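Structure first, then comments.
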Amino acid sequence: MTYVVTENCIKCKYMDCVEVCPVDCFYEGENMLVIHPDECIDCGVCEPECPAEAIKPDAEPGLEQWLKINADMAKSWPNITQKKEPPADAKEFDGVAGKFEQYFSPNPGEGD
Ligand code: SF4
Ligand code: F3S
24 MTYVVTENCI KCKYMDCVEV CPVDCFYEGE NMLVIHPDEC IDCGVCEPEC PAEAIKPDAE
84 PGLEQWLKIN ADMAKSWPNI TQKKEPPADA KEFDGVAGKF EQYFSPNPGE GD
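Numbering (the numbering used here) for the sequence shown: 24 to 135.
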C-alpha cells in the first residue's frame with residue numbers, strides 16, 4: 024500500500040506535501056513530484072495538504088498508470104524534503120485536462 028502522486032501535480036508542483044511526510048519519500052522531477060512506493064508508510068497525512076488534490080491512495084481504482092510512474096521515476100529523480108517556490112503559473116494549470124500527454128517530463132528536478 025502506498026499513496027501516489029497523480030496527473031494534476033504536473034506544472035502545479037506546490038510541494039506542500041514534502042513538508043509533512045514523516046519518511047521523506049518524495050522525489051522531484053522537472054515539473055512534478057512522485058512518491059517512492061516502497062518507502063511510503065501509507066500514513067495519509069500528505070493527501071489533504073496538496074492544494075491540487077493530486078495525491079491519492081493506491082486503493083483507488085484506475086491509478087495503475089500513476090503507480091507505475093511513481094515507482095519508475097522515484098528510482099532516478101532526487102529526493103526532496105523542503106518546499107521551494109512553486110511555479111509562478113501553477114494556478115493556471117490546476118485542473119487542466121491532458122497534462123500527462125502535453126507536459127509530463129521524465130527529466131529530474133534539482134532535489135534539496
Ligand atoms: Fe509520506 Fe505518509 Fe504521504 Fe506516504 S502517505 S508519502 S509516508 S506523508
Ligand atoms: Fe504536487 Fe500537490 Fe505535492 S501539486 S508537489 S503533490 S503538494
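Glycine included, every Cβ here is placed at the ideal spot set by N, Cα and C. A quick note: this is a predicted structure, and the numbers were derived from the prediction, not measured.
Proximity of the beta carbon of residue 92 to the ligand F3S is not indicated: no heavy atom of the ligand is located closer than 7 angstroms.
Counting C-beta pairs with one atom in each stretch, the segment 110-117 and the segment 82-93 have fewer than three that are closer than 8 angstroms, which means they do not touch. Judged by DSSP in its simplified three-state form, residue 28 adopts strand. In this structure, residue 71 lies away from residue 96, with their beta-carbon atoms at least 8 angstroms apart. Sorted by position in the chain, 25, 26, 40, 43, 44, 45, 46, 48, 49, 58, 63, 64, 65, 66, 67, 68, 69, 70, 78 make up the residues whose C-beta lies under 7 angstroms from a heavy atom of the ligand SF4.
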